[in-house]
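With the sequence shown counted from 1, adding 191 to any position gets you this note's numbering.
For each residue, glycine too, the CB sits at the ideal point set by N, CA and C.
What follows is one structure encoded as structure tokens, with my remarks underneath.
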Amino acid sequence: MLLQGVADVALVVIALLVGLLILWILVSIPVWLAAKFLTLGKARFTRAMLVTAVGPAIYAIVFLISGFVLSVTIGEQYFVAAVSFILAFIAWIGVFKIGFDTGWLRALGIAILATVVFVVIGAIVTVALQALVPNVPPITPFPSF
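The structure is reproduced here in structure tokens:
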């Protein structure tokens with residue numbers, strides 16, 4: 192009985208890790224396409240995967256540290272949240288800048304274009320999934336068609 196519980200937990204952990212790996216690859220595709228376009232073909236998919244792994248971590252670290260420091264020194268919640276968001280976003284763009292060896296403006300363009308491509312892919316996947324599986328809830332915030 193105990194072995195069955197351990198096997199069930201192991202299966203859940205394996206499924207979670209496989210799911211995260213697939214999600215990581217899928218999220219890296221729009222970043223890679225945007226970087227490929229804006230760096231005139233110099234971007235590699237492995238670099239896009241690295242950037243999509245490091246970027247959110249740097250964003251979270253900068254957001255949390257700046258939020259803590261600002262809340263201790265200033266205390267105003269809305270101001271702290273806004274400034275922390277801006278600083279974290281700049282740090283995230285910095286990861287794109289360093290990761291793709293490009294300037295700040297092109298890094299910002301990669302981030303914006305990657306977001307647009309991600310939204311388009313999400314909409315296509317949602318529409319296709321809803322066409323294949325009726326009554327499935329949408330996986331994106333777009334209305335069903």
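Please state the DSSP three-state secondary structure of residue i.
i, result
"Ala-234", "coil"
"Thr-293", "coil"
"Gly-266", "coil"
"Val-318", "helix"
"Val-324", "coil"
Can you tell me the Cα-Cα spacing of residue i and residue j, whole angstroms?
i, j, result
"Phe-276", "Val-260", "13 angstroms"
"Leu-207", "Ile-312", "22 angstroms"
"Leu-339", "Ala-239", "There is simply no residue 339 to check, as the chain begins at 192 and stops at 336 in what is shown."
"Phe-236", "Val-209", "19 angstroms"
"Ile-284", "Leu-194", "47 angstroms"
"Val-218", "Ala-226", "13 angstroms"
"Ala-272", "Thr-264", "13 angstroms"
"Phe-280", "Ile-249", "9 angstroms"
Are there 16 or more other CB atoms within 10 angstroms of the CB of residue i, so buried, or fewer, so exposed?
i, result
"Thr-293", "buried"
"Pro-325", "exposed"
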